[in-house]
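> Here it is, the structure, as structure tokens.
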Amino acid sequence: MPRVKIASKIDLKHHLKESGGMQDAFDDAKADFSGITEKDSADEDLVIENIVQSAIVVIDEDGVEAAAASLLLPRAKGFIHRIEFKCDRPFFFFVHDQQSHTILHVGKYNEPS
1 MPRVKIASKI
11 DLKHHLKESG
21 GMQDAFDDAK
31 ADFSGITEKD
41 SADEDLVIEN
51 IVQSAIVVID
61 EDGVEAAAAS
71 LLLPRAKGFI
81 HRIEFKCDRP
91 FFFFVHDQQS
101 HTILHVGKYN
111 EPS
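Per UniProt numbering, numbering of the sequence shown is gapless, rising by one per residue and ending at 113.
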């Protein structure tokens, strides 16, 4: 059996705004996450920038392997800070908690090789 790899990436922002009843969560003027943020903190003025879901299924002679991940991208209301990051060579990356300085994830990006 030949190896089969199926991957998908879905931008959920449009779907959730149009049919999911979540219009306010994406709107700077209407978003209210006060129930999950600390009062008078920088996090109090959050809005959802985007929600993306990725999935992959690999079928080969050893069986089936599947994985999925969802990513919610918050930002402060009225403020978009974009950083240009050029991925033109392999690199390692770390995801860490800013309060505890604990490393949560470590990864390696191999493309372009």
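Positions of the beta carbon are idealized from the N, C-alpha and C atoms, including for glycine.
State the start and end residues of the unbroken alpha helix (DSSP H) segment that holds H14.
Its alpha helix (DSSP H) spans residues 13–19.
> Is Q98 near S70, with beta carbons less than 8 Å apart?
No, they are not a contact pair.
> Report the rounded CA-to-CA distance for E49 versus H15, giving the unit in angstroms.
The alpha-carbon atoms of E49 and H15 are separated by roughly 14 Å.
> Given Y109, which residues of its chain have a CB within under 7 Å of its CB, disregarding the five upstream and five downstream residues?
Closer than 7 Å at the Cβ level, and outside the excluded window around Y109, lie C87, P90, F91, F93.
> From the DSSP output, in three-state form, read off D24 for me.
In this structure, D24 counts as helix in the three-state DSSP scheme.
> For D60, which three-state DSSP category applies?
Residue state, collapsed to three classes: strand.
> Exposed or buried, which one is V64 when buried takes at least 16 other CB atoms within 10 Å?
Counting Cβ neighbours within 10 Å, V64 comes out exposed, since fewer than 16 surround it.
> Return the CA-CA distance between V19 and K77, expressed in angstroms with no decimal places.
As written in the sequence, residue 19 is Ser, which differs from the Val given in the question. Answer to the nearest angstrom: the Cα atoms are 23 Å apart.
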